[in-house]
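Asker: Would you mind keeping the following structure in view while I ask a few things?
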Amino acid sequence: MGRPITCCLTVLLLSGSALLLSFNGCSSSSTQTTTGTPSKIQHVVILFQENRTPDNLFHDPVLIANGADIASSGLDSSGNTIQLTAGPLGTNYDLGHQHNDFLAMYDGGKMDGANNTGCGPAANCPANAQYQYVQASDVAPYFQMAEQYTFGDRMFQTNEGPSFPAHQFILSGTSAPTATSNLFAAENPTKNEAGCAAPATALVALIDPTGQESSSIYPCFEHPTLTDELGAAGLIWRYYAPSAGSIWTAPNAIQHICGPNATPPNATACVGSQWTSNVVLYTTQNPDPILTDISNKQLATVSWVIPSGQNSDHPGNPNDAGPSWIATIVNAIGSSSYWANTAIIITWDDWGGWYDHVPPPQVIDNGTSWGSGYLYGFRVPLIVVSPYAKPAYISHVNHDFGSILKFIETTFSLPSLGYADAPADDLSDCFNFSQTPLQFQTIAAPQGADFFLHDTRPPTDPDDD
3 MGRPITCCLT VLLLSGSALL LSFNGCSSSS TQTTTGTPSK IQHVVILFQE
53 NRTPDNLFHD PVLIANGADI ASSGLDSSGN TIQLTAGPLG TNYDLGHQHN
103 DFLAMYDGGK MDGANNTGCG PAANCPANAQ YQYVQASDVA PYFQMAEQYT
153 FGDRMFQTNE GPSFPAHQFI LSGTSAPTAT SNLFAAENPT KNEAGCAAPA
203 TALVALIDPT GQESSSIYPC FEHPTLTDEL GAAGLIWRYY APSAGSIWTA
253 PNAIQHICGP NATPPNATAC VGSQWTSNVV LYTTQNPDPI LTDISNKQLA
303 TVSWVIPSGQ NSDHPGNPND AGPSWIATIV NAIGSSSYWA NTAIIITWDD
353 WGGWYDHVPP PQVIDNGTSW GSGYLYGFRV PLIVVSPYAK PAYISHVNHD
403 FGSILKFIET TFSLPSLGYA DAPADDLSDC FNFSQTPLQF QTIAAPQGAD
453 FFLHDTRPPT DPDDD
C-alpha cells in the first residue's frame with residue numbers, strides 16, 4: 003500500500019526528562035516491506051490484558067531462577083527501600099496511571115516516585131499499594147505459560163499513559179489524530195467515551211511539541227492502520243471487544259473503520275462495512291466469541307482480543323478470572339488444528355500504576371527514518387506461545403507494541419506502516435522456526451471453556467465490572 007513520503011518525527015520533551023514521540027507516518031519508502039518469516043505462522047492472536055508490570059504480576063521463582071529481571075523491592079521518593087508485598091489479583095482500589103503518574107514514577111529515570119502516584123478510593127488503599135505483587139496462587143496459569151514458552155522481561159508500553167492511546171498503538175502504531183499531525187493523544191477521553199460515535203462532549207487531551215497537554219480533540223481519528231495493510235493483502239482480521247463505544251475498542255476511533263452513521267460528532271453508531279465485518283462484540287448470547295470462532299474453524303489471520311470486565315486484570319476489579327480466561331483461549335487453540343501454525347502474543351496494555359524498577363529506554367536508531375532519543379512507557383509483561391516459540395526462554399531484547407505490528411508485517415510480508423513499527427524489532431528472538439514444533443500441553447486453570455461460554459452476566463468494559 004503506497005502513500006506519500008511524509009516524515010513527521012516530533013520529539014516531545016517533558017518534565018522529568020521524559021520524552022515522547024508523535025508517531026506520524028514516517029517512512030523512507032512508499033513501498034517499504036519487511037522480510038517474510040517462514041510461512042509456518044498463518045494466524046496471529048493478540049491477547050491484550052489490562053494494567054500490570056512484570057514486577058507486579060510475575061513473582062515467579064522459576065522465571066527468576068532462569069534470569070527474568072523481577073524486583074523484590076523498590077525505592078520511594080525519599081530514598082527508602084520498600085519491600086514488595088503479596089496481594090490478590092482482584093482489588094477494590096485502582097492506581098493512577100495517567101501521563102502525570104508516569105512522570106512522577108519515572109522521576110527523571112530514578113524510578114523512585116511510585117508513592118507519588120494516585121490510589122483510590124483512598125479508604126480501600128493499603129499502605130504502599132503501588133509496591134505490591136500478585137500472589138502466585140492467583141496467576142498460576144500465567145506462570146505455566148511463561149515458564150513453558152517465551153517470557154519477555156523487556157517489553158515496554160509504547161506510550162507513557164493509559165489505555166486509550168495504548169489501544170490505538172496496538173492497532174496502528176500511533177495515536178496521532180492524522181497521519182501528518184504533530185500532536186499525540188496522551189490520555190483517556192472524557193468519561194472513557196471514545197470513537198467516532200462518541201458524544202460530542204467527549205474530548206481527549208493531546209500533547210504538543212513543547213510537551214504540554216495544552217489542547218484536546220474529539221476522539222475520532224483518520225490515518226492508516228495495520229488492518230488496512232491486512233485488507234489490502236486479502237487477509238482477514240477481527241477485533242473482539244466488550245462494547246462499541248469504549249476506549250478499549252480501538253477501531254471505533256478510526257473513521258474509515260467505524261463508518262459512522264453521521265458526520266462526527268453527530269454520529270450515534272459505527273455502521274461501516276469494516277466495522278460490521280471485522281469487529282465482534284460480546285453478548286450474553288455469545289460471551290466469548292473468540293472461543294466460538296476457534297471451535298467453528300473461523301479463526302482470522304490476525305485477531306485482537308480484549309477482555310471484558312469480568313475477565314480483566316485491571317486493578318479495582320474484584321474478579322480474578324483473567325488468567326483462566328487467557329488460558330482457555332490458549333487451550334482452545336492448542337487443542338485444535340490451529341496450534342500447528344499460530345502465534346499467540348499475550349501482553350498488557352499499560353502498567354496500571356504498579357511499581358516497576360526498570361527505567362524505559364530510549365529508542366535506538368536502527369536505520370529507519372525515525373531517529374532516536376524518545377522514551378517508551380514502562381514495562382508490561384509479554385508471553386509468546388507457539389509451537390515455534392523458544393521453550394523456557396527469557397527474552398531480554400527491548401520490545402514494544404510496535405514489535406507486535408512488525409512481527410505481523412514480517413510474517414505476512416506486509417508494507418511497513420512507518421509508525422511505531424518502524425524502529426521496533428520483530429520479536430524474532432522469541433521464535434525458532436527450525437526447532438521441532440512444540441507439543442501443546444494443556445494449561446491448568448481454575449475455570450475452563452464452559453464457564454466463559456456460558457457466562458450470563460452482561461459483558462462490561464475492562465475496568466467497569
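Numbering-wise, the working numbering comes out as the position in the sequence shown, counting from 1, plus 2.
Here a beta-carbon is modelled for each residue, glycine too, at the ideal position from N, C-alpha and C.
1. Helix, strand or coil for P143, going by three-state DSSP, please let me know.
2. Quick test of the definition: if touching needs 3 or more C-beta pairs under 8 angstroms, does the region 227-240 touch the region 196-208?
3. Based on the DSSP output, what are the partners of T349 in its beta bridges?
4. Run through DSSP, which three-state label would E195 get?
5. Let me know if K408 comes out buried or exposed under the rule of 16 or more other beta-carbons within 10 Å of its beta-carbon.
6. Helix, strand or coil: how does DSSP classify A88 here?
7. Which value, in whole angstroms, describes the spacing of the CA atoms of A202 and V307?
8. Have a look at Y151, G154, S139 and A106 and flag the residue whose alpha-carbon is nearest the alpha-carbon of I132.
9. Among all the DSSP beta bridges, which residues are the ones paired with V206?
10. Would you please state the rounded distance, in angstroms, between the beta carbons of A422 and G175? I believe it to be under 8 angstroms.
11. Check each candidate in V360, S415, A334 and G355 and name the one with the smallest Cα separation from V387.
12. Is the Cβ-Cβ distance between G197 and C222 less than 8 angstroms?
13. Anyone know if the C-beta pair for A345 and V46 falls short of 8 angstroms?
14. At the level of alpha carbons, what is the spacing between F435 and D322?
15. Along the chain, which unbroken stretches of the alpha helix (DSSP H) at least 4 residues long are found entirely within the region 276-364?
16. What distance in whole Å lies between the Cβ atoms of G355 and G98, which are believed to be in contact at a cut-off of 8 angstroms?
17. I'd like to confirm the pairing. Which residues does DSSP put opposite Q134 in its beta bridges?
18. Please go through the region 382-437 and give each complete alpha helix (DSSP H) segment of 4 or more residues, from N-terminal end onward.
19. Where does P226 land, buried or exposed, given buried means 16+ other C-beta within 10 angstroms?
20. From N400 to P179, what does the alpha carbon distance come to, in whole angstroms?
21. To the nearest angstrom, how far is it from the Cα of T412 to the Cα of A302?
22. By how many angstroms is the C-alpha of A451 removed from the C-alpha of G286?
23. Can you name, in chain order, every residue of its own chain whose Cβ lies under 7 angstroms from the Cβ of N288, other than the five neighbours on each side?
24. State the CB to CB distance for the pair V360 and R54, rounded to an integer number of angstroms; the pair is presumed to be in contact (CB under 8 angstroms).
25. Spell out the partners DSSP gives R240 in its beta bridges.
26. Alpha carbon to alpha carbon, what distance is there between T119 and D96?
27. Could you check what DSSP says for F453 in three-state terms: helix, strand or coil?
28. I'd like the span of the alpha helix (DSSP H) that includes G522, first residue to last.
29. Which one of S326, D315, A199 and N82 has the shortest CA to CA distance from D268?
30. Work out the CA separation of Y241 and P389 for me, nearest whole Å.
31. Give me the Cα-Cα distance between L137 and L59, rounded to the nearest whole angstrom.
32. When burial is assigned at 16 or more other CB atoms within 10 Å of the CB, is P190 buried or exposed?
33. Relative to the alpha-carbon of W350, which residue among T160, D140 and P461 has its alpha-carbon at the smallest distance?
34. Going straight from the alpha carbon of L49 to that of I328, what length do you get?
35. Could you compute how far the alpha carbon of Q170 sits from the alpha carbon of F104?
36. I'd like to check one pair, F454 with D290: are the Cβ atoms closer than 8 angstroms?
Answerer: By the coordinates alone:
1. In this structure, P143 counts as helix in the three-state DSSP scheme.
2. The region 227-240 is not in contact with the region 196-208.
3. In the DSSP output, where bridge partners are listed per residue, T349 has F50 and L384.
4. If DSSP states are grouped into helix, strand and coil, E195 belongs with the strands.
5. By the Cβ-count criterion, K408 is buried, with 16 or more other Cβ atoms from all chains shown falling within 10 Å of its own Cβ.
6. In the displayed model, A88 falls within a strand according to three-state DSSP.
7. Roughly 28 angstroms separates the two Cα atoms.
8. Looking at the sequence itself, residue 132 is Gln, so the reference to Ile does not match. Taking only the C-alpha atoms, the option nearest Q132 is A106.
9. Beta-bridge pairing links V206 to I219.
10. Right, the Cβ-Cβ distance comes to about 4 angstroms (below 8 angstroms), so this counts as a contact.
11. The residue among V360, S415, A334 and G355 with its C-alpha nearest the C-alpha of V387 is A334.
12. Their beta carbons are under 8 angstroms apart, which means G197 touches C222 by this criterion.
13. Yes. Within cutoff.
14. Approximately 35 angstroms, taken between the alpha carbons.
15. Runs of the alpha helix (DSSP H) inside the region 276-364: 291-297 and 324-336.
16. Contact between G98 and G355 holds: CB atoms are separated by about 5 angstroms, below the 8 angstroms threshold.
17. Answer by DSSP bridge pairing, in chain order: T87.
18. Correct list: 403-413.
19. Result: buried.
20. N400 and P179 have their C-alpha atoms some 27 angstroms from each other.
21. The straight-line gap from Cα to Cα measures roughly 17 angstroms.
22. According to the sequence shown, residue 286 is Thr rather than Gly. Taking the straight line from one Cα to the other gives about 15 angstroms.
23. The residues are T294.
24. Incorrect: roughly 14 angstroms between the Cβ atoms, too far for contact.
25. Answer is S305.
26. Taking the CA atoms as reference points, D96 sits about 11 angstroms from T119.
27. Reduced to three states, the DSSP call for F453 is helix.
28. Given a span of 3 to 467 for the chain in the structure shown, any question on residue 522 remains unanswerable.
29. The sequence given here has Asn at residue 268, not Asp. The residue with the shortest Cα to Cα distance from N268 is A199.
30. Approximately 24 angstroms between the Cα atoms of the pair.
31. Sequence check: residue 137 is Gln here, not Leu. So the alpha carbons of these two residues sit roughly 8 angstroms apart.
32. The displayed chain sequence assigns Asn, not Pro, to residue 190. It is buried - the Cβ of N190 has at least 16 other Cβ atoms within 10 Å.
33. Ranked by how close their Cα comes to the Cα of W350, the residues T160, D140 and P461 have T160 in first place.
34. If you take the alpha carbons of L49 and I328, they lie about 7 angstroms apart.
35. Distance between Q170 and F104, taken at the CA atoms: about 18 angstroms.
36. Yes, they are a contact pair.
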